[in-house]
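Participant: Residue numbers (the UniProt record's numbering): 1 to 210.
One structure follows; several queries about it will come next.
Spelled out as structure tokens, the structure:
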């Protein structure tokens, strides 16, 4: 039990009912934890946080209506002391970094949920951070890289949809030469050999959403 003899109050946020049921099953029976509410998207998460003021939020990233990072920002804006653990299937360093910068104190892959969830919740509730070593290493490995600008991400997103430079130029109301200049910069920053390689790297790292 916690030092105050009160169980850790948990809100779980995920658009998959089966995953929420799995988390409930893991938490059930823990004398120092209680699941106080569930939500299926970011909007519901904010409403449930207001209603229940949980100690720890378990937050998915990919959800309809309002995704995880937006929900983290919204909750932390209203409740700066909120403690949030991201639960996701995505390993990408850029996606993890976005979540951590938004205010999450922990990041966990769903594949590790059954083995590590309970102890990670306790760590976060005690005021510690928790980031898997492999993701921390990825973040550190790209820490000195030049990040893509928002315009470069937009260009690469158009390319990922199968558009030619000419089509990208039309879609973004810029010249084809500007698109080529952006692509040159993107390839250099990502260490990519060509457009397809750049898209593959950006998807793996979470710079682009799959």
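We put the beta carbon where it would ideally sit given N, CA and C, even for glycine.
Do three or more CB pairs link the region 133-142 to the region 153-172 at distances below 8 Å?
Facilitator: No: fewer than three Cβ pairs fall under 8 Å.
Participant: Helix, strand or coil for residue 1? Go by DSSP, reduced to three states.
Facilitator: Within the chain shown, residue 1 is the residue found at index 1, counting from 1. Interpretation of residue 1 is limited by its pLDDT of 47, a score under 50 that renders its predicted location unreliable; the figure taken from the coordinates is listed afterwards. Coil at residue 1, not helix or strand.
Participant: Residue 60 and residue 5 look like a contact to me (Cβ under 8 Å); what is the Cβ gap, rounded to whole Å?
Facilitator: Locating residue 60 in the chain shown gives position 60, counting from the first residue. Locating residue 5 in the chain shown gives position 5, counting from the first residue. Not a contact, Cβ separation roughly 31 Å.
Participant: Provide the residue span of the alpha helix (DSSP H) that contains residue 129, from first to last.
Facilitator: Translated into the one-based positions of the chain shown, residue 129 becomes position 129. That residue, residue 129, is in no alpha helix (DSSP H); it is neither H nor E in DSSP.
Participant: Could you tell me which of 189, 207, 74 and 28 sits nearest to residue 154, measuring between CA atoms?
Facilitator: The count along the chain shown starts at 1 and reaches residue 154 at position 154. Answer by Cα proximity: 207.
Participant: In the structure shown, what three-state DSSP assignment does residue 9 receive?
Facilitator: Sequence index remark: in the chain shown, residue 9 carries index 9 (1-based). If DSSP states are grouped into helix, strand and coil, residue 9 belongs with the strands.
Participant: Determine the closest residue to residue 62 out of 41, 130, 7 and 80, with distance taken between C-alpha atoms.
Facilitator: For this step, residue 62 is matched to residue 62 along the chain shown. Residue 62 has its Cα closest to that of 41, out of 41, 130, 7 and 80.
Participant: Do you know how far the Cα of residue 76 is from the Cα of residue 1?
Facilitator: Reading the chain shown from its first residue, position 1 is the one you call residue 1. Reading the chain shown from its first residue, position 76 is the one you call residue 76. Note on residue 1: pLDDT 47, under 50, position unreliable in the model; no value is reported.
Participant: Is it the case that the region 78-88 contacts the region 190-204, given that we only count it when at least three CB pairs across the two stretches are under 8 Å?
Facilitator: No: the two stretches stay apart, fewer than three of their Cβ pairs being nearer than 8 Å.
Participant: When you compare only the Cα positions, how much space is there between residue 10 and residue 38?
Facilitator: Locating residue 10 in the chain shown gives position 10, where the first residue counts as 1. Locating residue 38 in the chain shown gives position 38, where the first residue counts as 1. Cα to Cα, residue 10 sits roughly 9 Å from residue 38.
Participant: How about residue 211 and residue 100: do their beta carbons lie closer than 8 Å?
Facilitator: Look at the range of the chain in this structure, 1 to 210, and you will see that residue 211 is not part of it.
Participant: Quick one: measure Cβ to Cβ for residue 102 and residue 72, integer angstroms, because I've assumed they're closer than 8 Å.
Facilitator: Counting from one through the chain shown, the residue named residue 102 turns up at place 102. Counting from one through the chain shown, the residue named residue 72 turns up at place 72. Indeed they touch by this definition, with Cβ atoms about 4 Å apart.
Participant: Which word fits residue 31, buried or exposed, when buried means at least 16 other C-beta atoms lie within 10 angstroms of its C-beta?
Facilitator: Within the chain shown, the letter at position 31 stands for residue 31. So residue 31 counts as exposed.
Participant: Considering only the beta carbon of each residue, do residue 33 and residue 7 sit closer than 8 Å?
Facilitator: As a working mapping, residue 33 is identified with position 33 in the chain shown. As a working mapping, residue 7 is identified with position 7 in the chain shown. Cβ atoms of residue 33 and residue 7: closer than 8 Å.
Participant: So within the UniProt domain "Response regulatory" (9-125), which uninterrupted alpha helix (DSSP H) runs reach at least 4 residues, ignoring any that extend past its ends?
Facilitator: You should have 17-27, 42-52, 68-78, 93-102 and 113-125.
Participant: Closer than 8 Å by C-beta to residue 29: which residues in its own chain qualify, once you throw out the five before and the five after it? Chain order, please.
Facilitator: The count along the chain shown starts at 1 and reaches residue 29 at position 29. Excluding positions up to five away in sequence, the list is empty.
Participant: In angstroms, rounded to a whole number, what distance separates the CA positions of residue 121 and residue 12?
Facilitator: To locate residue 121, count along the chain shown from 1; it is residue 121. To locate residue 12, count along the chain shown from 1; it is residue 12. Taking the straight line joining both Cα atoms gives about 12 Å.
Participant: For residue 26 and residue 35, what's the separation of their Cα atoms in angstroms?
Facilitator: Within the chain shown, the letter at position 26 stands for residue 26. Within the chain shown, the letter at position 35 stands for residue 35. Approximately 10 Å, taken between the alpha carbons.
Participant: Shortest alpha-carbon distance to residue 19 belongs to which of 143, 205 and 111?
Facilitator: For the purposes of this step, residue 19 is taken as residue 19 along the chain shown, with counting starting at 1. Here the closest residue by C-alpha is 111.
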